[in-house]
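Undergrad: These protein sequence lines map, in sequence, to chains X and U.
Going by this note's numbering, the final residue of the first sequence carries number 344, and the count climbs one at a time with no gaps.
Going by this note's numbering, the final residue of the second sequence carries number 344, and the count climbs one at a time with no gaps.
Questions regarding the structure given below will be posed in turn.
There are 2 protein chains.
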Amino acid sequence: MSDGPTITTIAQRAGVSIASVSRVLNGLPTKAETERRVMSAARELGYVPNSVARSLKSRRSNQLGFAMADIGNPVYLAMIREIQPLLRAAGYRLVLHSTNADAADEIDVLRGLGERYIDGLIMIPLRVTGEHLKMFAAARAPIVVIGSVPEGTPVDNVRADSRAGVRLAVEHLHGLGRRRIGFVNGPLDTVPGAARSAAYAEAVRAAGLPYDADLVEVGDFYRADGARATARLLERVPDVDALLCANDLIALGALDVLRREGRRVPQDVAVAGMDDTDLATLAWPPLTSVSLGSAERGRAAAELLLDRLGEGERAPRVVTVEPRLITRASTIGEETP
Amino acid sequence: MSDGPTITTIAQRAGVSIASVSRVLNGLPTKAETERRVMSAARELGYVPNSVARSLKSRRSNQLGFAMADIGNPVYLAMIREIQPLLRAAGYRLVLHSTNADAADEIDVLRGLGERYIDGLIMIPLRVTGEHLKMFAAARAPIVVIGSVPEGTPVDNVRADSRAGVRLAVEHLHGLGRRRIGFVNGPLDTVPGAARSAAYAEAVRAAGLPYDADLVEVGDFYRADGARATARLLERVPDVDALLCANDLIALGALDVLRREGRRVPQDVAVAGMDDTDLATLAWPPLTSVSLGSAERGRAAAELLLDRLGEGERAPRVVTVEPRLITRASTIGEETP
DNA sequence: AAAGCCACTGTAAACGTTTACGGAGTTAGC
DNA sequence: GCTAACTCCGTAAACGTTTACAGTGGCTTT
Numbered sequence: 008m009s010d011g012p013t014i015t016t017i018a019q020r021a022g023v024s025i026a027s028v029s030r031v032l033n034g035l036p037t038k039a040e041t042e043r044r045v046m047s048a049a050r051e052l053g054y055v056p057n058s059v060a061r062s063l064k065s066r067r068s069n070q071l072g073f074a075m076a077d078i079g080n081p082v083y084l085a086m087i088r089e090i091q092p093l094l095r096a097a098g099y100r101l102v103l104h105s106t107n108a109d110a111a112d113e114i115d116v117l118r119g120l121g122e123r124y125i126d127g128l129i130m131i132p133l134r135v136t137g138e139h140l141k142m143f144a145a146a147r148a149p150i151v152v153i154g155s156v157p158e159g160t161p162v163d164n165v166r167a168d169s170r171a172g173v174r175l176a177v178e179h180l181h182g183l184g185r186r187r188i189g190f191v192n193g194p195l196d197t198v199p200g201a202a203r204s205a206a207y208a209e210a211v212r213a214a215g216l217p218y219d220a221d222l223v224e225v226g227d228f229y230r231a232d233g234a235r236a237t238a239r240l241l242e243r244v245p246d247v248d249a250l251l252c253a254n255d256l257i258a259l260g261a262l263d264v265l266r267r268e269g270r271r272v273p274q275d276v277a278v279a280g281m282d283d284t285d286l287a288t289l290a291w292p293p294l295t296s297v298s299l300g301s302a303e304r305g306r307a308a309a310e311l312l313l314d315r316l317g318e319g320e321r322a323p324r325v326v327t328v329e330p331r332l333i334t335r336a337s338t339i340g341e342e343t344p
Numbered sequence: 008m009s010d011g012p013t014i015t016t017i018a019q020r021a022g023v024s025i026a027s028v029s030r031v032l033n034g035l036p037t038k039a040e041t042e043r044r045v046m047s048a049a050r051e052l053g054y055v056p057n058s059v060a061r062s063l064k065s066r067r068s069n070q071l072g073f074a075m076a077d078i079g080n081p082v083y084l085a086m087i088r089e090i091q092p093l094l095r096a097a098g099y100r101l102v103l104h105s106t107n108a109d110a111a112d113e114i115d116v117l118r119g120l121g122e123r124y125i126d127g128l129i130m131i132p133l134r135v136t137g138e139h140l141k142m143f144a145a146a147r148a149p150i151v152v153i154g155s156v157p158e159g160t161p162v163d164n165v166r167a168d169s170r171a172g173v174r175l176a177v178e179h180l181h182g183l184g185r186r187r188i189g190f191v192n193g194p195l196d197t198v199p200g201a202a203r204s205a206a207y208a209e210a211v212r213a214a215g216l217p218y219d220a221d222l223v224e225v226g227d228f229y230r231a232d233g234a235r236a237t238a239r240l241l242e243r244v245p246d247v248d249a250l251l252c253a254n255d256l257i258a259l260g261a262l263d264v265l266r267r268e269g270r271r272v273p274q275d276v277a278v279a280g281m282d283d284t285d286l287a288t289l290a291w292p293p294l295t296s297v298s299l300g301s302a303e304r305g306r307a308a309a310e311l312l313l314d315r316l317g318e319g320e321r322a323p324r325v326v327t328v329e330p331r332l333i334t335r336a337s338t339i340g341e342e343t344p
């Protein structure tokens with residue numbers, strides 16, 4: 008009882024060979040009598056197949072990995088919520104890796120692919136280094152990367168269109184008559200940070216406004232950093248009349264500071280976030296935010312991975328999810344329907 | 008290249024036996040020359056050990072499971088954030104199961120223990136059925152249950168003290184002069200729902216107030232349900248002057264409804280939640296909430312599990328985490344320091 | 001110079017499955 | 001009644017490791 012029954016145990020009890028046991032358990036054609044004996048022996052013993060042995064033989068672990076920087080981030084959470092049921096329905100278990108945005112940890116996870124404990128991986132690297140690219144190329148199992156990856160990288164790729172997203176937000180704020188539109192960004196050496204930085208400069212000019220470096224402040228992608236960055240920006244440019252924040256957490260920090268300083272949102276300063284996480288509806292005032300389709304991206308990644316596991320070799324695909332602007336009181340005030 | 012190198016490949020290239028290769032790779036004493044040859048062969052081939060084969064031999068998967076109802080719930084999230092790094096530091100991978108509060112799914116996960124793909128499990132069952140107990144007793148790997156479990160169940164157990172928590176909140180509201188304290192609960196057939204229901208009745212009486220069934224409303228543990236339940240309660244008892252909500256999501260729903268109906272918080276109705284999730288600081292006004300120590304419970308569960316994996320047989324332990332009341336503007340108003 | 005010892009290495013078995021192959025028994029065909 | 005064909009089953013090999021055991025050769029010891 009301490010060591011569970013195996014097909015050998017069943018075979019002994021049923022008086023047949025282990026091959027017959029395996030055949031019965033896998034539903035291969037067998038004489039009714041044999042099947043009956045095996046099934047009842049299995050039931051009496053409380054047999055459960057050993058998935059490790061099965062994996063060794065089949066060379067498939069039935070596990071897929073998901074690696075992201077920080078499971079506390081609601082964006083990743085939204086993705087997991089889509090991914091988990093899809094994988095589960097396809098018969099895969101989910102192995103979770105939270106890497107703290109540490110490149111070495113990410114490389115470790117990629118190395119893990121070689122250990123064969125997962126059949127594939129969905130990864131969201133915050134920064135893509137040469138090491139990453141080398142591992143992608145050498146990987147012996149399919150990888151889907153969420154976030155942009157250089158042309159020609161042999162992985163499936165799901166992208167948000169930060170550029171279009173930032174443009175939507177800037178146009179919206181400009182359309183509301185705002186002319187001093189600040190931008191509170193995350194680190195410039197991250198994939199989203201860099202993309203959004205370039206997109207902001209472009210969008211501002213496209214709206215016919217001058218690009219003013221003083222209007223841009225950089226912190227990290229968390230609430231407290233957002234608050235600090237916003238405070239610096241307000242001190243430098245007191246007459247700012249709108250703030251675009253590179254994600255919702257930063258925007259929450261911005262709201263904290265504006266409230267503390269007694270500036271009214273949106274009358275004095277309109278605020279918009281990005282990612283349209285659940286937080287946006289919780290904030291006060293509710294936060295206008297650019298949805299970059301977190302759930303859709305998660306779903307797309309899972310579908311790409313499952314698809315490739317089914318099909319085997321195939322040219323890498325790129326899926327781009329379109330952004331949408333969700334307007335709420337933090338920019339348009341209470342007149343919400 | 009399509010099929011990775013194994014120790015056999017290395018053995019051939021290095022001109023030694025697979026036993027020697029294994030010994031070198033595991034750091035057992037070997038002649039320097041042999042070690043050199045094996046190591047360089049391994050490096051040239053880009054060898055990565057196959058963890059499945061290793062698991063089969065060692066009978067350990069180096070994976071631990073975490074099963075909860077819904078990964079979107081911030082309480083579970085807070086737990087995972089504690090659990091994941093601890094397990095990782097101890098050399099275990101985390102396999103995630105989101106069961107949608109479906110008892111059959113939970114049983115499936117428990118059956119999975121027999122498949123040996125995890126060495127242990129942390130589980131948060133919303134309801135504990137006889138089937139659960141049977142599986143707990145028959146399990147061939149250690150289980151830690153977060154949430155109460157009957158006396159004598161052979162699993163380690165981490166509990167929140169709902170009773171003390173509810174009492175803290177009721178005393179707080181009573182101390183603020185509130186006399187009509189409503190209670191918005193989740194389903195009574197769940198572990199926390201039942202516990203909090205009993206605790207509310209007890210706490211109200213202990214405060215010297217009459218127990219009034221009209222003041223209690225039941226929904227589910229989500230924001231929208233909380234809003235609906237609150238609306239029903241307000242209609243039935245318009246003069247309620249405080250609301251205790253069985254979790255923060257319900258409390259957010261309550262705030263939504265109160266705002267919509269134009270009741271001021273906390274002047275007209277004081278609101279308190281439970282769990283003290285991140286949401287509490289995001290809400291407007293910031294939400295007074297009873298912390299049931301989600302992070303601590305996650306940490307305790309991980310420690311119990313790791314401990315038992317180290318020690319082997321041992322009497323089941325019960326760890327109870329003390330609640331704390333975190334007061335914020337939703338009960339005490341703006342006069343916050 | 002024979003015996004014993006030691007350090008190192010190779011052979012083979014084991015972990016629990018799946019599956020190719022061939023043998024035994026049954027039925028059918030002539 | 002003999003062969004052919006078919007059904008069912010058992011033996012054994014394989015998946016990639018780890019490890020008990022025995023073997024090899026060189027040294028030391030007497």
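C-beta: ideal position from N, C-alpha, C; glycine also.
Can you round the beta-carbon distance between valine 225 of chain X and asparagine 192 of chain X to whole angstroms, since I take them to be within the 8 Å contact cut?
TA: About 5 Å separates the two Cβ atoms, so the contact holds.
Undergrad: Mind checking the stretch 27-61 of chain U against chain X and listing, in chain order, the residues whose C-beta falls within less than 9 Å of any C-beta there?
TA: Listed by position, the residues of the stretch 27-61 of chain U near chain X (Cβ gap below 9 Å) are Gly53, Tyr54, Val55, Pro56, Asn57, Ser58, Val59, Ala60, Arg61.
Undergrad: Identify which residue in X:His104, X:Leu63, X:Gln91, X:Arg100 has its Cα closest to the Cα of asparagine 107 of chain U.
TA: Among X:His104, X:Leu63, X:Gln91, X:Arg100, the Cα nearest to that of asparagine 107 of chain U is on X:Gln91.
Undergrad: Excluding sequence positions up to five away, which residues of its chain have a Cβ less than 8 Å from the Cβ of valine 116 of chain X?
TA: For valine 116 of chain X, where only same-chain residues beyond five positions count, the Cβ hits under 8 Å are Gly72, Ala74, His104, Thr106, Leu128, Met130.
Undergrad: Taking C-beta to C-beta, are serine 298 of chain X and proline 273 of chain X nearer than 9 Å?
TA: No, they are not a contact pair.
Undergrad: How is glutamine 70 of chain U classed by DSSP in three states: helix, strand or coil?
TA: In this structure, glutamine 70 of chain U counts as strand in the three-state DSSP scheme.
Undergrad: Can you find a C-beta in chain U that's less than 9 Å from the C-beta of histidine 104 of chain X?
TA: For histidine 104 of chain X, the answer is yes, since a Cβ of chain U falls inside 9 Å of its Cβ.
Undergrad: Of the residues that make up the stretch 12-24 of chain U, which ones have a beta carbon closer than 8 Å to any beta carbon in chain X?
TA: Cβ contacts with chain X: none found.
Undergrad: On a Cα-Cα basis, can you pick out the residue from X:Arg306, X:Val326, X:Thr334, X:Arg321 that is closest to arginine 95 of chain X?
TA: It is X:Arg306.
Undergrad: Starting from the Cα of leucine 101 of chain X, find the closest Cα among X:Ala206, X:Val278, X:Tyr124 and give me that residue.
TA: Per the Cα distances, X:Tyr124.
Undergrad: Can you confirm whether glutamate 345 of chain U, when its beta carbon is compared against all beta carbons of chain X, has any partner nearer than 9 Å?
TA: Here chain U comprises residues numbered 8 to 344, so residue 345 of chain U is not present and cannot be evaluated.
Undergrad: Please identify, using Cβ separations under 7 Å, the residues of the stretch 272-293 of chain X that lie next to chain U, in order along the chain.
TA: Of all residues in the stretch 272-293 of chain X, Leu286, Leu289, Ala290, Trp291 have a Cβ within less than 7 Å of some Cβ in chain U.
Undergrad: Jot down the residue ranges of each uninterrupted beta strand (DSSP E) in the stretch 212-243 of chain U, minimum 3 residues, whole runs only, in chain order.
TA: You should have 223-225.
Undergrad: So which residues on chain U does arginine 147 of chain X lean against when the C-beta distance must stay under 7 Å?
TA: Here the neighbours are Gly11.
Undergrad: Quick check: valine 165 of chain U and phenylalanine 143 of chain U, are their CB atoms within less than 9 Å of each other?
TA: In this structure, phenylalanine 143 of chain U does not lie closer than 9 Å to valine 165 of chain U by Cβ.
Undergrad: So does the stretch 326-341 of chain X actually touch the stretch 272-292 of chain X, counting three or more Cβ pairs closer than 8 Å?
TA: Touching, per the Cβ criterion.
Undergrad: Just curious, the alpha helix (DSSP H) that threonine 15 of chain X is in, first and last residue?
TA: Residues 14-21.
Undergrad: Determine the closest residue to threonine 160 of chain X out of X:Glu42, X:Arg174, X:Lys141, X:Ser296, with distance taken between C-alpha atoms.
TA: Here the closest residue by C-alpha is X:Lys141.
Undergrad: Quick one: list the residues of chain X neighbouring isoleucine 153 of chain U, beta-carbon separation under 9 Å, in chain order.
TA: Correct list: empty, because the minimum Cβ distance to chain X is about 17 Å.
Undergrad: Mind listing the chain U neighbours of arginine 304 of chain X? Cutoff is C-beta to C-beta under 7 Å, in chain order.
TA: Those within 7 Å of arginine 304 of chain X in chain U number zero; the least Cβ separation is about 16 Å.
Undergrad: Could you tell me which whole beta strand (DSSP E) segments of length 3 or greater appear in the stretch 263-319 of chain X?
TA: Here the runs fully enclosed are 277-281, 295-298.
Undergrad: Is the shortest distance between the beta-carbon of aspartate 314 of chain U and the beta-carbons of chain X less than 9 Å?
TA: Judged by the 9 Å Cβ criterion, aspartate 314 of chain U is not in contact with chain X.
Undergrad: Enumerate in chain order the residues of its own chain whose CB-to-CB distance from tyrosine 83 of chain U is below 6 Å, with the five nearest sequence positions on each side excluded.
TA: Excluding positions up to five away in sequence, the list reads Met75.
Undergrad: Under 9 Å between C-beta atoms, does serine 68 of chain U make it to chain X?
TA: Yes, serine 68 of chain U counts as interfacial toward chain X.
Undergrad: Roughly how many angstroms lie between the CA atoms of glutamate 40 of chain U and threonine 16 of chain U, to the nearest whole one?
TA: Cα to Cα, glutamate 40 of chain U sits roughly 18 Å from threonine 16 of chain U.
Undergrad: Return no unless some Cβ of chain U is closer than 9 Å to the Cβ of proline 157 of chain X.
TA: Chain U, which has no Cβ nearer than 9 Å to the Cβ of proline 157 of chain X, makes this no.
Undergrad: Whole angstroms are fine: how far does the CA of arginine 44 of chain X sit from the CA of arginine 324 of chain U?
TA: Rounded to the nearest angstrom, the two C-alpha atoms are 41 Å apart.
Undergrad: Which residues bound the beta strand (DSSP E) around threonine 338 of chain X?
TA: That residue, threonine 338 of chain X, is in no beta strand (DSSP E); its alpha helix (DSSP H) goes 336-339.
Undergrad: Determine whether the Cβ of isoleucine 333 of chain U lies closer than 9 Å to any Cβ atom of chain X.
TA: Not one chain X Cβ lies under 9 Å of isoleucine 333 of chain U.
Undergrad: According to DSSP, is glycine 189 of chain U helix, strand or coil?
TA: If DSSP states are grouped into helix, strand and coil, glycine 189 of chain U belongs with the strands.
Undergrad: Using DSSP's beta-bridge definition, name the partner residues of glutamate 130 of chain X.
TA: According to the sequence provided, residue 130 of chain X is methionine. The question's glutamate does not apply to it. Answer is X:Ala74, X:Val152.
Undergrad: Going by C-alpha to C-alpha distance, which of U:Ala206, U:Leu52, U:Gln70 sits closest to arginine 20 of chain U?
TA: With distances taken between Cα atoms, arginine 20 of chain U lies closest to U:Leu52.
Undergrad: Please name the residue or residues paired with asparagine 164 of chain U in a DSSP beta bridge.
TA: Answer by DSSP bridge pairing, in chain order: U:Val152, U:Val325.
Undergrad: Taking 9 Å as the cut-off, decide whether the C-beta atoms of asparagine 57 of chain X and threonine 13 of chain X are in contact.
TA: Yes, they are a contact pair.
Undergrad: Could you tell me which residues DSSP pairs with valine 102 of chain U in its beta bridges?
TA: Its beta-bridge partners are X:Val102, U:Gly72.
Undergrad: Measuring alpha carbon to alpha carbon, tell me which residue in X:Val55, X:Leu93, X:Met46, X:Lys38 is nearest aspartate 314 of chain X.
TA: Cα-wise, what sits closest to aspartate 314 of chain X is X:Leu93.
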